[in-house]
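Working notes, beginning with the structure itself.
Chains as they are written, first to last, in my numbering: chain A, 14 to 408; chain B, 848 to 964.
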């Protein structure tokens, strides 16, 4: 198989996404984020990354780091909850529990997780007026104490919530209108998430389901749209700024006449937003892009040079799972490959004039940022064969 | 250069007009998107005094909301003038407020007191 002209394999953090090819550095993406963010580091711990520094995020399987890291690119989000790790603070209204501070090693590896023990009443801590039509995604890290049962709820009259099992790592019950999920962070910790799909207003509530039972808590978060990386807060709601990674390559890097654009990636959510990654001339006039659309789990590839030359789609089982996507472009010869299979072709259409394509970006078309976890990016300057594309994209 | 500022507008519409003036464009699908690189956080009518709740969970005293529409901005890439000073973009300064500490909102890893104008 031909050698890629540009190759990005996430291996370092900094002010760029550093491409291994070309070695000159011209293939690096310029990364931006004002302020800090958190990631899962190589030990599987949650770690804060400094102002303007990109994130290598390690995957967890059954609570342990498994495999190579990805570059995490997230939108602007705000954790509406204050005191996200301080459940004894007066910000939280104590509803029949005792809180023992700093009683367990938390997912960031330090002794700063609290123990919540039910005494009487509602068996939890609450915060009024927090759930809303916008802020409907609630999450908290929890670990089994005396009980494996833990609940995140909208405590306003009869709305309900989600109950989790912290022994088996499963969702036990989802009340009407709620979607629950649970992710193993290791050492007994789970990130539990409850989404109110009906977007009802009300009282954020965390707790156990019976008196005298206890669980460990750390890192509560309430945000919009979908779950993102943890945003720690103290005395105020906290915003993590949006991230960008753009401007890799130049006209000499790419072949505008034929080639393959390849990316191994997963979407952060199947939220039906437009997300576009690809090659262009720095405008939206000449573009080869892949991405996600307003159709559920739809992967799309488009070649556009003033008009659409090829539009190829594939509906994935789940775009939030890792996929290997390749687009072959050449005059009258276009193909979309996903996970080892040729999903769509187009045998009619033109490409670009020589030296047109000069930039590879995680944002094509202005507002369609390709928020994702990306493990591999490559651009080949020849149209690979079907056998090569099958080998390249097979999971 | 990064700066953080807090603003009070008379209404959501007044704030949105100012935000739009920072720059927008429209993609080929007709979707409008910002062309600037600042982080805008629309806080709205923030809570000035929390509601008082009795032990049965009933509201004894309603929360007091600000009658102003609040916006926090993390300005990114503002240029200094010839004296090396950086100021609010045109038209924003008159709506700015100066507080001690972060108030009800902050940006992760950045200090308002250190980065305010």
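Quick reminder that beta carbons are idealized off the backbone N, C-alpha and C, glycines included.
Please read these numbers as outputs of a predicted model, since none were measured by experiment.
How many Å lie between residue 3/A and residue 869/B at the Cα? Residue 3/A lies beyond the residue range present for chain A, which begins at 14 and ends at 408; the question has no answer from this structure.
Sequence-distant residues of the same chain with beta carbon closer than 8 Å to residue 164/A, five excluded per side: 137, 174, 175, 176, 177, 218, 219, 220, 221 and 222.
Can you grab the Cα-Cα spacing for the pair residue 339/A / residue 878/B, in whole Å? So the two alpha carbons sit approximately 27 Å from each other.
By DSSP, does residue 234/A sit in helix, in strand, or in coil? Residue 234/A falls in the strand class under three-state DSSP.
Let me check understanding here. Comparing Cα to Cα, which of 70/A, 43/A and 397/A lies closest to residue 271/A? For residue 271/A, the nearest C-alpha among the options comes from 397/A.
Below 9 Å on C-beta distance, what does residue 952/B contact in chain A? Against residue 952/B, the close residues of chain A are 91, 249, 250, 251 and 252, in the order they occur along the chain (beta-carbon pairs closer than 9 Å).
The stretch 118-149 of chain A: positions lying closer than 9 Å to chain B by Cβ: Within the stretch 118-149 of chain A, the residues whose Cβ lies closer than 9 Å to some Cβ of chain B are 134, 135, 139, 141 and 142, listed in chain order.
Which residues DSSP lists as bridging residue 108/A, in chain order: Bridge pairing for residue 108/A: 137/A [DSSP].
Using a cut-off of 7 Å between C-beta atoms, extract the partners of residue 911/B located in chain A. For residue 911/B, there are no C-beta contacts with chain A under 7 Å, since the nearest C-beta of that chain is about 12 Å from it.
Which class does residue 396/A belong to by DSSP, given the choice of helix, strand or coil? Coil at residue 396/A, not helix or strand.
Where does residue 247/A fall in DSSP's three states? Residue state, collapsed to three classes: coil.
I believe residue 880/B touches residue 63/A by the beta-carbon criterion, under 8 Å. Please report the beta-carbon distance rounded to the nearest angstrom. The C-beta separation of residue 880/B from residue 63/A comes to about 28 Å, leaving the pair out of contact by the 8 Å criterion.
Beta strand (DSSP E) segment containing residue 302/A, residue limits: Taken as a continuous stretch (DSSP letters only), the beta strand (DSSP E) holding residue 302/A covers 300-305.
Of all the CB atoms in chain A, is at least one closer than 9 Å to the CB of residue 884/B? Proximity of residue 884/B to chain A, defined by a Cβ-Cβ separation below 9 Å, is satisfied.
Listed in chain order, which residues of the stretch 55-82 of chain A have Cβ atoms closer than 8 Å to some Cβ of chain B? Result list: 61, 63 and 64.
For residue 861/B, does the three-state DSSP call read helix, strand or coil? In the structure shown, residue 861/B adopts helical secondary structure according to DSSP, grouped into three states.
My parser needs the beta strand (DSSP E) runs of 3 or more residues fully inside the stretch 119-204 of chain A; what are they? Counting whole runs of 3 or more residues, the stretch 119-204 of chain A contains the beta strand (DSSP E) stretches 124-131, 137-144, 148-157, 162-167, 173-178, 183-187 and 191-199.
Can you give me the C-alpha to C-alpha distance between residue 857/B and residue 926/B, rounded to a whole angstrom? Approximately 28 Å, taken between the alpha carbons.
Pair within 9 Å by beta-carbon distance, residue 299/A and residue 269/A: Closer than 9 Å, so yes.
Run through DSSP, which three-state label would residue 24/A get? Correct three-state label for residue 24/A: coil.
Neighbouring residues, chain B, relative to residue 297/A (Cβ below 8 Å): Those within 8 Å of residue 297/A in chain B are 874 and 875.
Residues of chain B with CB closer than 9 Å to the CB of residue 152/A, please, in chain order. Below the 9 Å Cβ cutoff, chain B contributes no neighbours of residue 152/A, its closest Cβ being approximately 16 Å away.
Quick check on the DSSP output: what are the complete alpha helix (DSSP H) runs of length 4 or more inside the stretch 906-949 of chain B, in order along the chain? Those alpha helix (DSSP H) runs which fall completely within the stretch 906-949 of chain B and span 4+ residues do not exist here.
Between which two residues does the alpha helix (DSSP H) harbouring residue 959/B extend? Here the alpha helix (DSSP H) through residue 959/B covers 959-962.
Any beta-carbon of chain A closer than 9 Å to the one on residue 898/B? Contact with chain A is found for residue 898/B, since one of that chain's Cβ atoms lies less than 9 Å from the residue's Cβ.
Just the C-alpha distance for residue 252/A and residue 953/B, rounded to the nearest angstrom, thanks. In this structure, the alpha-carbon of residue 252/A lies about 6 Å from that of residue 953/B.
Among 263/A, 364/A and 311/A, the one whose alpha carbon lies nearest that of residue 38/A: The option with the nearest alpha carbon to residue 38/A is 263/A.
Skipping 5 residues on each side, what residues in its chain have a beta carbon closer than 6 Å to that of residue 323/A? The beta carbon of residue 323/A lies closer than 6 Å to those of 316, 347, 359 and 362 in the same chain, with the five residues before and after it left out.
Between the stretch 66-86 of chain A and the stretch 111-130 of chain A, can you find at least three pairs of beta-carbon atoms closer than 8 Å? These segments do not touch.
Counting Cβ pairs, one atom from each stretch, are 3 or more of them under 8 Å apart for the stretch 87-94 of chain A and the stretch 242-262 of chain A? Touching, yes.
Local conformation of residue 258/A per DSSP, three classes: Note: residue 258/A maps to strand in three-state DSSP.
Check whether the stretch 233-242 of chain A and the stretch 280-294 of chain A touch, using three or more Cβ-Cβ pairs below 8 Å as the test. These segments touch.
Please list the partners that residue 380/A has in chain B, where partner means a Cβ-to-Cβ separation under 7 Å. What residue 380/A touches in chain B: 874, 878 and 880.
When the cut-off is 9 Å and only beta carbons count, does residue 106/A lie next to chain B? Taking a beta-carbon distance threshold of 9 Å, residue 106/A counts as an interface residue toward chain B.
Where DSSP assigns a beta bridge to residue 227/A, which residues make up the other side? Looking at the DSSP assignment, residue 227/A forms a beta bridge with 130/A.
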